[in-house]
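Written below as structure tokens is the structure these notes are about.
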Amino acid sequence: MENGRKLLERYARVVGSQVIAQLRELGARLEGAKVLHVNSTAYGGGVAEILHCMIPLMQAVGVQASWEVIQGPPEFFEVTKAFHHALQGHRVDLTEEDLKLYLDVNQKEAQRLEDKLKEADFVIIHDPQPAYLIKYISPRRGHWVWRCHIDLSRPFYPVWRFLEKAVVKYEASIFSMPEFSQPLPHPQFIVPPSIDPFSDKNRELTAEEVFKVYHEFGLDPSKPLVLQVSRFDPFKDPIGVIKAAEMAQRYIPFQLVLAGGGAADDPEGERVYQEVVRVAKGKKDIVVLKLPPTAHLTINALQRAADIVLQKSLREGFGLTVTEAMWKGKPVIGGATGGIKLQVVDHHTGFLVHTPEGAALRIRYLLFYEDKRREIGYKAREFVRQNFLITRHVRDYLSLMLSVCMGAPDRLELETVESCVWPSSTRAAPLL
Amino acid sequence: MVKDCALVSISTGEKAYTLMELSEKIKQVEAACIYHHFCTRHIRPSFDHPEFHNDFAAWVHQELRDKILAERLNFIVPQDFADMESVREALLTRIQERIFEDEHLGWIKAGHPFYFVKSQLVIFDTGLRLEWPNEIADVLENLSPGSIFYHFIDARRRHPEGLDDFRDWIRKFPPEFHPLADLIAKVDPFFLSLYEMRDFLIRHIRSFCSRMQARRKVYGERSKAS
Numbered sequence: 058m059e060n061g062r063k064l065l066e067r068y069a070r071v072v073g074s075q076v077i078a079q080l081r082e083l084g085a086r087l088e089g090a091k092v093l094h095v096n097s098t099a100y101g102g103g104v105a106e107i108l109h110c111m112i113p114l115m116q117a118v119g120v121q122a123s124w125e126v127i128q129g130p131p132e133f134f135e136v137t138k139a140f141h142h143a144l145q146g147h148r149v150d151l152t153e154e155d156l157k158l159y160l161d162v163n164q165k166e167a168q169r170l171e172d173k174l175k176e177a178d179f180v181i182i183h184d185p186q187p188a189y190l191i192k193y194i195s196p197r198r199g200h201w202v203w204r205c206h207i208d209l210s211r212p213f214y215p216v217w218r219f220l221e222k223a224v225v226k227y228e229a230s231i232f233s234m235p236e237f238s239q240p241l242p243h244p245q246f247i248v249p250p251s252i253d254p255f256s257d258k259n260r261e262l263t264a265e266e267v268f269k270v271y272h273e274f275g276l277d278p279s280k281p282l283v284l285q286v287s288r289f290d291p292f293k294d295p296i297g298v299i300k301a302a303e304m305a306q307r308y309i310p311f312q313l314v315l316a317g318g319g320a321a322d323d324p325e326g327e328r329v330y331q332e333v334v335r336v337a338k339g340k341k342d343i344v345v346l347k348l349p350p351t352a353h354l355t356i357n358a359l360q361r362a363a364d365i366v367l368q369k370s371l372r373e374g375f376g377l378t379v380t381e382a383m384w385k386g387k388p389v390i391g392g393a394t395g396g397i398k399l400q401v402v403d404h405h406t407g408f409l410v411h412t413p414e415g416a417a418l419r420i421r422y423l424l425f426y427e428d429k430r431r432e433i434g435y436k437a438r439e440f441v442r443q444n445f446l447i448t449r450h451v452r453d454y455l456s457l458m459l460s461v462c463m464g465a466p467d468r469l470e471l472e473t474v475e476s477c478v479w480p481s482s483t484r485a486a487p488l489l
Numbered sequence: 079m080v081k082d083c084a085l086v087s088i089s090t091g092e093k094a095y096t097l098m099e100l101s102e103k104i105k106q107v108e109a110a111c112i113y114h115h116f117c118t119r120h121i122r123p124s125f126d127h128p129e130f131h132n133d134f135a136a137w138v139h140q141e142l143r144d145k146i147l148a149e150r151l152n153f154i155v156p157q158d159f160a161d162m163e164s165v166r167e168a169l170l171t172r173i174q175e176r177i178f179e180d181e182h183l184g185w186i187k188a189g190h191p192f193y194f195v196k197s198q199l200v201i202f203d204t205g206l207r208l209e210w211p212n213e214i215a216d217v218l219e220n221l222s223p224g225s226i227f228y229h230f231i232d233a234r235r236r237h238p239e240g241l242d243d244f245r246d247w248i249r250k251f252p253p254e255f256h257p258l259a260d261l262i263a264k265v266d267p268f269f270l271s272l273y274e275m276r277d278f279l280i281r282h283i284r285s286f287c288s289r290m291q292a293r294r295k296v297y298g299e300r301s302k303a304s
């Protein structure tokens with residue numbers, strides 16, 4: 058296992074020593090503080106991916122970070138999946154039994170994790186699944202923060218109202234964008250998500266590793282490659298992407314690859330996948346790939362092989378696939394929605410579009426101007442380096458922990474932070 | 079003492095769909111909110127040379143499509159005001175004046191609301207120390223955008239006379255260095271990105287220092303000869 062110093066040195070080679078110096082300075086002010094992250098899955102999904110690289114980084118700067126995963130029967134996860142849809146604005150019908158099951162699992166998990174939850178100086182609860190743990194832990198010693206990774210801008214009200222009753226008990230919450238936040242009686246920190254440059258999805262690959270995908274999927278190395286990586290979901294507009302490709306292919310030859318995650322547990326995903334396969338059938342140079350959720354290296358290689366990456370979503374949370382493509386130096390043509398707007402800046406890191414026609418025109422433009430493609434790709438990578446790598450994410454978390462301890466002042470001079478205390482520091486803070 | 083800083087954004091949960099709402103919320107929000115929307119664009123994820131220099135002007139242009147008010151708001155330069163309360167008043171005055179000119183404008187509903195966010199600045203000590211002004215250029219080469227922001231833009235808000243930290247520091251040195259402060263004063267953060275500011279300063283400070291060195295050499299030779 059790599060030690061903390063070496064880990065930080067490795068990141069410093071990517072993000073620069075100043076960024077690591079900031080982390081070290083923040084870590085020094087929080088040295089020994091116990092930080093417990095709680096979520097609902099150890100593998101799969103963006104939250105688990107982030108925590109896998111965030112925990113070692115936090116530990117490397119001196120914070121005692123740990124991670125617990127709540128457990129529950131499959132029916133519990135059916136209910137929380139419905140929560141997820143509802144919070145993103147879909148109407149769902151939850152029964153009294155569903156809510157009772159949700160509360161029972163949270164209560165049971167609160168009992169199982171009680172010691173750890175009470176011992177932690179900072180408890181960061183991710184997403185709605187474990188949000189009600191707070192109700193069953195009393196008295197609470199540490200600072201509890203709720204981290205919402207979901208677009209909460211237009212939630213289905215009855216479900217949000219139910220969740221809100223737990224969320225208001227937290228000392229602070231974290232949202233990815235201001236648009237996703239809700240009026241709450243505590244500070245709401247804005248922390249965009251991030252990617253890890255050393256994960257399988259993003260690490261550097263050899264030319265052979267990249268080239269392998271051409272062979273594996275029968276792609277033509279002599280033709281430009283346009284790629285969209287996303288779940289098979291109507292909001293990702295895969296049919297619109299095929300339309301855009303067909304329009305652009307009338308003017309310039311290229312192959313389109315639509316690669317999506319497995320949809321075995323998602324009936325709607327399977328339906329959309331079948332529809333996409335039907336629409337793409339018989340069309341030259343349009344390839345639909347259904348990949349397993351663990352195909353990180355394949356996705357990495359496809360993104361690196363691509364000349365242009367599309368993310369023509371109609372609705373999007375943050376859009377980490379956009380971040381991943383930009384990190385690989387690819388210009389992105391993205392739907393003007395959600396977090397894509399924060400990442401794709403017209404003529405700088407790619408183009409924002411609203412229609413298949415818009416996407417088709419930008420594909421033609423970028424395939425025609427090779428220099429422009431390279432220039433935009435370079436800028437995109439630097440933009441991610443500055444703003445959307447895991448080191449920035451860790452810095453934001455450490456900053457907000459200090460901020461919560463200090464009562465969220467407008468300015469946090471780290472030299473003065475000696476007065477900051479957390480429950481297990483030598484100066485004991487009162488029970489909350 | 080060279081410092082670095084990072085921005086933590088905190089949503090207030092407040093939003094405005096119309097100019098009337100915007101005006102009402104501007105009256106209520108904390109000064110840190112006005113600061114965020116006016117002064118922090120340099121260290122937020124964005125690109126150089128935006129058309130609008132503050133979030134209010136950009137929103138009025140993009141969402142309400144009122145070019146007149148957008149231009150007026152765009153011309154508010156926070157450095158011209160004593161504090162954020164004065165900036166708030168200037169903002170309110172321009173919005174109200176525009177509503178009086180065209181009452182209908184106050185009720186146009188934007189497609190996307192204006193989200194009020196406030197800033198928290200986390201300030202780090204880089205451990206770097208400067209002793210003489212001629213060291214500035216070398217240090218600047220390795221400074222992070224956060225350091226440039228802190229010493230060049232944020233400083234103007236902290237200093238009673240609106241000076242940046244470098245000029246304030248140079249004033250404490252013998253008068254021969256004062257032209258350097260005048261040179262630094264030429265940097266207009268309104269139009270430059272942090273990297274452009276850094277490059278401008280390095281170039282001009284280096285040229286000033288080499289001129290100063292040449293002058294010293296000439297004086298040294300003259301006094302030796304005499």
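Heads up: the sequence lines are chains A and B, in that order. Plus 57 on top of the position in the first sequence (first one is 1) and you've got this note's numbering. Plus 78 on top of the position in the second sequence (first one is 1) and you've got this note's numbering. Where a beta carbon is used, it is the ideal one built from N, C-alpha and C, also for glycine.
Is it right to say residue 90 of chain B is buried, meaning 16 or more other beta carbons lie within 10 angstroms of its own, or is it exposed?
buried
Contact list for residue 195 of chain B against chain A, beta-carbon separation under 7 Å:
235 and 247
Does any residue of chain D have a CB that is nearer than 9 Å to the CB of residue 73 of chain A?
Protein chains in the displayed structure are A and B, and chain D is not among them.
Is the shortest distance between the beta-carbon of residue 224 of chain B and the beta-carbons of chain A less than 9 Å?
yes
Under a Cβ-count criterion, where at least 16 other Cβ atoms within 10 Å of its own Cβ denotes burial, should residue 178 of chain A be classed as buried or exposed?
buried
Excluding the five sequence neighbours on either side, which residues of its own chain have a C-beta within less than 8 Å of the C-beta of residue 177 of chain B, listed in chain order?
97, 98, 101, 183 and 184
Start-end ranges of the alpha helix (DSSP H) lying completely within the stretch 313-346 of chain A, minimum 4 residues:
324-337
Short CB-CB distance (under 9 Å) between residue 76 of chain A and chain B:
Yes, contact with chain B.
Can you say whether residue 131 of chain A is buried or exposed, counting buried as having 16 or more other CB atoms within 10 angstroms of its CB?
Residue 131 of chain A should be labelled exposed.
Using a beta-carbon distance below 9 Å, is residue 190 of chain B in contact with chain A?
yes
Contacting positions in the stretch 128-140 of chain B - beta carbon closer than 7 Å to chain A
none
Coil, strand or helix - residue 487 of chain A by DSSP
Note that residue 487 of chain A scores 39 on pLDDT, short of 50, meaning its location in the model is unreliable and no value can be drawn from it.
With burial defined as no fewer than 16 other Cβ atoms inside 10 Å of the residue's Cβ, what is the status of residue 298 of chain B: buried or exposed?
exposed
Burial state of residue 88 of chain B (16 or more Cβ within 10 Å)
Buried.
Could you give the distance in angstroms between the alpha-carbon of residue 144 of chain B and the alpha-carbon of residue 151 of chain B?
Taking the straight line joining both Cα atoms gives about 11 Å.
Taking C-beta to C-beta, are residue 384 of chain A and residue 344 of chain A nearer than 9 Å?
no
Between the stretch 260-278 of chain A and the stretch 457-464 of chain A, do at least 3 Cβ pairs fall closer than 8 Å?
no
Beta-carbon spacing of residue 156 of chain A, residue 219 of chain A below 9 Å
yes
On the criterion of 16 or more Cβ atoms from any shown chain inside 10 Å, does residue 137 of chain B qualify as buried, or is it exposed?
buried
Alpha carbon to alpha carbon, what distance is there between residue 450 of chain A and residue 113 of chain A?
13 Å
Using CA coordinates, which residue listed in A:144, A:82 and A:106 is at the minimum distance from residue 201 of chain B?
Closest option to residue 201 of chain B, Cα to Cα, is A:82.
Using C-beta distances below 7 Å, list every residue in its chain close to residue 115 of chain A, excluding the 5 sequence neighbours before and after it, in chain order.
92, 122 and 451
Residue 191 of chain A - containing alpha helix (DSSP H), residue span:
Per DSSP, residue 191 of chain A belongs to no alpha helix (DSSP H) and is neither H nor E.
Through-space distance from residue 120 of chain A to residue 69 of chain B, alpha-carbon basis
Residue coverage of chain B in this structure runs from 79 to 304, which leaves residue 69 of chain B outside it and unanswerable.
Nearest to residue 290 of chain B (by Cα), restricted to the options B:205, B:199, B:212 and B:131
B:212
Short Cβ contact (9 Å threshold) for residue 143 of chain A with residue 237 of chain A
no
Can you list the residues of chain B that residue 467 of chain A reaches, using a CB-CB cut of under 9 Å?
Taking a Cβ-Cβ cut-off of 9 Å, the neighbours of residue 467 of chain A in chain B comprise 108, 109, 110, 113, 196, 197, 198 and 199, given in sequence order.
Distance, residue 249 of chain B Cα to residue 377 of chain A Cα:
48 Å
Where does the unbroken alpha helix (DSSP H) through residue 287 of chain B begin, and where does it stop?
272-303
What residue does the alpha helix (DSSP H) around residue 355 of chain A start on, and which one ends it?
353-362
Indicate whether the contact test is met: 3 or more Cβ pairs, each with one atom in the stretch 326-342 of chain A and one in the stretch 247-258 of chain A, closer than 8 Å.
Touching, no, given that fewer than three Cβ pairs across the two stretches are closer than 8 Å.
Exposure label - residue 364 of chain A; buried when at least 16 CB within 10 Å
Looking at its Cβ environment, which holds 16 or more other Cβ atoms inside 10 Å, residue 364 of chain A is buried.
May I have the straight-line CA-CA distance separating residue 217 of chain A from residue 184 of chain A, to the nearest angstrom?
12 Å
To the nearest angstrom, how far is the alpha carbon of residue 320 of chain A from that of residue 349 of chain A?
Because residue 320 of chain A carries a pLDDT of 41, less than 50, the predicted location of this residue cannot be relied on, and no value is offered for it.
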